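Scroll down for the structure; my scribbles are underneath it.
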Amino acid sequence: MVTIKDFLGALAVGINQSRVLADLESANIAREYAADEILKHFSVPRFRMDDVTLHIPMAIDQLGKKLANDQSPLDQEKIEQLVFRTFQELAPVDKMDERHKIALERYLQLQLELLETDLSEGRDKETALRFFVSSLVSELMIILSVQEKEEVFPKATELKEKLAETLMTRLNQVVKDPVEVIDLEQTRVIVEAAKLKEIRPENLIRASVQLVEESLILQRIEGNDGEIRFKLLPE
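Numbering that gives the first Met the number 0 numbers the first residue of the sequence shown as 0 and each following residue consecutively.
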């Protein structure tokens with residue numbers, strides 16, 4: 000099985016190589032014509048390819064998928080506000096000193112970047128959010144414990160569970176599910192004739208590929224300064 004991208008790329012390379020071989024053969028014929036007193040007056044035959052459309056039968060083996068280009072599951076500013084609002088409602092974060100507040104903000108920004116990466120790579124939303132919430136709440140509890148001069152924080156377990164539950168509920172409402180679209184280039188197809196014969200005709204597709212020849216020639220150009228330059232120009 001190959002991807003459509005690889006198959007069509009190999010097809011284009013093969014046709015281009017055939018075209019090169021045809022030109023090399025034309026060059027050999029030109030030498031023979033030039034050496035013959037009669038043939039040297041004839042034009043050298045050269046293969047030219049008009050625009051060609053190929054209809055290639057294939058069957059889809061596995062659809063390629065990717066996240067939609069405009070997919071943005073996270074509004075980081077909105078989520079940051081939601082997290083701090085939840086913390087302020089349920090935990091004594093207002094009592095934290097400025098140093099610990101800044102540390103918590105930086106940690107939140109780091110976890111937001113990790114969450115966005117997880118979702119962009121197709122990780123399950125529920126799993127990604129649970130890891131995000133667990134990391135944030137654990138960090139908050141550590142900071143609060145330090146703030147309390149390492150004394151046992153009252154009802155710490157109950158608070159931790161309440162924070163996690165509330166955050167999960169609220170985040171599920173604002174974080175979008177990743178939207179997948181078909182990635183045609185990465186779709187895997189069956190192109191082998193023997194395998195295609197075993198597939199029902201109604202399950203086959205035909206890819207239309209248009210080939211257009213655009214030849215280049217090496218042009219010798221002499222500049223005003225007498226310097227000789229060579230450029231590839233359209234024929």
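For each residue, glycine too, the CB sits at the ideal point set by N, CA and C.
None of these values were measured; they are calculated from a predicted model.
Secondary structure of residue i, DSSP reduced to three states
i	result
P233	strand
V174	coil
E210	Before going further, note that residue 210 is Leu rather than Glu in the sequence given. L210: strand per DSSP, three-state reduction.
D50	coil
E150	Low confidence applies to E150: its pLDDT is 48, below 50, so where it sits in the model is not reliable, and the reading given next is rough at best. Coil, per DSSP.
P44	coil
E226	coil
D5	helix
K64	strand
M57	strand
V136	helix
I141	helix
E36	coil
V190	coil
R219	strand
I14	helix
R205	strand
I78	helix
I101	helix
I28	helix
Rounded distance between the beta-carbons of residue j and residue i, thought under 8 Å
i	j	result
L232	Q218	5 Å
T186	I3	5 Å
A58	I220	Incorrect: roughly 51 Å between the Cβ atoms, too far for contact.
A90	L139	6 Å
V43	S25	6 Å
E120	L73	Contact flag wrong, Cβ pair sits at about 13 Å.
L210	I14	6 Å
E79	L113	Contact flag wrong, Cβ pair sits at about 14 Å.
Closest Cα partner of residue i within the set the options
i	options	result
E236	I189, V174, V19, E125	With the chain covering 0 to 234 only, the question about residue 236 has no answer from this structure.
S214	E36, D50, V43	D50
R205	I55, L103, A155, L139	I55
L62	A102, L162, I189, N171	I189
S137	K39, E226, E76, Q110	Q110
V173	L143, Q75, A193	Q75
H99	L113, I78, I141, K64	I141
I216	D22, A11, E157	D22
L158	E88, L203, A9	E88
K77	D60, N171, L10	N171
F46	H40, E201, S17	S17
Environment of residue i [buried if 16+ CB atoms lie within 10 Å]
i	result
D123	exposed
F229	exposed
D117	buried
F86	buried
L162	buried
I181	exposed
V237	Since the displayed the chain opens at 0 and closes at 234, residue 237 lies outside it and no answer follows.
L135	buried
L53	exposed
L183	exposed
G225	exposed
L203	exposed
V12	exposed
L38	exposed
Would you call the region 159-167 and the region 119-133 touching, i.e. three or more CB-CB distances under 8 Å? Cβ pair count under 8 Å is three or more, so yes.
Flag this pair as touching only if the region 17-34 and the region 86-101 have three or more C-beta atom pairs under 8 Å; answer yes or no. With the cut-off at 8 Å, the region 17-34 and the region 86-101 do not touch.
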